[in-house]
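Reading through the structure tokens given below for one structure.
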Amino acid sequence: MEQRTKAFVAFLGLGVLGMTAGLYRYLHHPVAPPLVTVPFDMDKSGATARVDFTIERNRLTKRRMMIALEFPKSPDFSIERALEQNAPAVRVAIFREDQGRWTTIPIEGYEELARAIPGAPVSDGSAHPLPGPRNIRLHLYGWNDTSSVLIGGFSPTEPGHYYATIETLDDFPMFSGVRTVLKVDDFYNTGK
Numbered sequence: 011m012e013q014r015t016k017a018f019v020a021f022l023g024l025g026v027l028g029m030t031a032g033l034y035r036y037l038h039h040p041v042a043p044p045l046v047t048v049p050f051d052m053d054k055s056g057a058t059a060r061v062d063f064t065i066e067r068n069r070l071t072k073r074r075m076m077i078a079l080e081f082p083k084s085p086d087f088s089i090e091r092a093l094e095q096n097a098p099a100v101r102v103a104i105f106r107e108d109q110g111r112w113t114t115i116p117i118e119g120y121e122e123l124a125r126a127i128p129g130a131p132v133s134d135g136s137a138h139p140l141p142g143p144r145n146i147r148l149h150l151y152g153w154n155d156t157s158s159v160l161i162g163g164f165s166p167t168e169p170g171h172y173y174a175t176i177e178t179l180d181d182f183p184m185f186s187g188v189r190t191v192l193k194v195d196d197f198y199n200t201g202k
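Residues in the sequence shown are numbered from 11 upward in steps of one, following my numbering.
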């Protein structure tokens, strides 16, 4: 009986310690909300969206930004499984307004981002991200109640007005009737 009590007290102590650490992190390192979210129907080929957003100076960091797709997790995980097995592509471009003109911003898909070696060649043989528009494969990177799919990452160098265009290249019937949303946000935590 005494051993069970000690185990229970230790369990409670670890729980309180974990909650305290989580609260400290939340209060001292709050997560910024996404810059923008926009509904986007993914089920038909040729669907397009333009996502306008502004990047303030305080949002410029060494970390990348990302364009991602979110949708409610499918009950049987069928959509997520199909995305992992087929890795369908979308056409993406990002632009920044520069003195009244639009400048293309390089964007990287998961294949380029996954290369950990600085200067590793990307799909065209160069050592730098490619400017858009580009066909980029979708990459499922997380799920809870919401499934999250990376479309591409980019590194804004200046504050200002930006926009991204996204176009589906194929029919994705698995998304028929599913509420899908595009978001521009800080890049997800890759463990670095």
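All C-beta atoms in this analysis are idealised placements derived from N, C-alpha and C, irrespective of residue type, glycine included.
Legend entry - Check whether Leu192 and Ala92 have beta carbons under 7 Å apart: no
Legend entry - Residue environment, Gly119, which counts as buried when at least 16 other CB atoms sit within 10 Å: buried
Inset, instruction - Please state whether DSSP places Phe197 in a helix, a strand or coil. - result: coil
Inset, instruction - Measure the Cβ-Cβ separation of Lys54 and Ser157 and say whether it is below 7 Å. - result: no
Legend entry - Counted within 10 angstroms of its Cβ, other Cβ atoms place Arg67 as buried (16 or more) or exposed: exposed
Legend entry - CB of Ala57 within 7 Å of CB of Thr178, strictly: yes
Legend entry - Ser88 to Gln109 span [Cα, whole Å]: 46 Å
Inset, instruction - Give the secondary structure of Ser88 by DSSP, where H, G and I count as helix, E and B as strand, and everything else as coil. - result: helix
Inset, instruction - Return the chain-ordered list of same chain residues with a C-beta closer than 8 Å to the C-beta of Val186, the five sequence neighbours on each side being excluded. - result: Here residue 186 is Ser; the residue named in the question, Val, does not match the sequence. If we look at Ser186 and ignore the five residues flanking it on each side, its Cβ neighbours are Asp53.
Inset, instruction - Could you tell me the distance, in whole angstroms, from the CA atom of Ile77 to the CA atom of Glu12? - result: 54 Å
Inset, instruction - Return the chain-ordered list of same chain residues with a C-beta closer than 8 Å to the C-beta of Asp155, the five sequence neighbours on each side being excluded. - result: Pro82 and Lys83
Legend entry - Own chain partners of Val147 with C-beta closer than 8 Å, once the 5 adjacent residues on each side are dropped: With the sequence shown as reference, residue 147 is identified as Arg, and Val is not the correct amino acid for it. The answer, listed in chain order, is Ala97, Pro98, Ala99, Gly119, Tyr120 and Glu121.
Inset, instruction - Determine, using beta carbons only, whether Phe197 and Arg74 come nearer to each other than 7 Å. - result: yes
Legend entry - Inside the stretch 50-106 only - alpha helix (DSSP H) runs reaching at least 4 residues: 88-96
Inset, instruction - Look up Arg35 in the DSSP assignment and say whether it is helix, strand or coil. - result: Confidence at Arg35 is low in this model, with a pLDDT of 41, below 50, so the placement of that residue is unreliable and no value is reported for it.
Inset, instruction - In the DSSP assignment, find the unbroken alpha helix (DSSP H) run with Glu118 in it and report its ends. - result: No alpha helix (DSSP H) holds Glu118; DSSP gives it neither H nor E.
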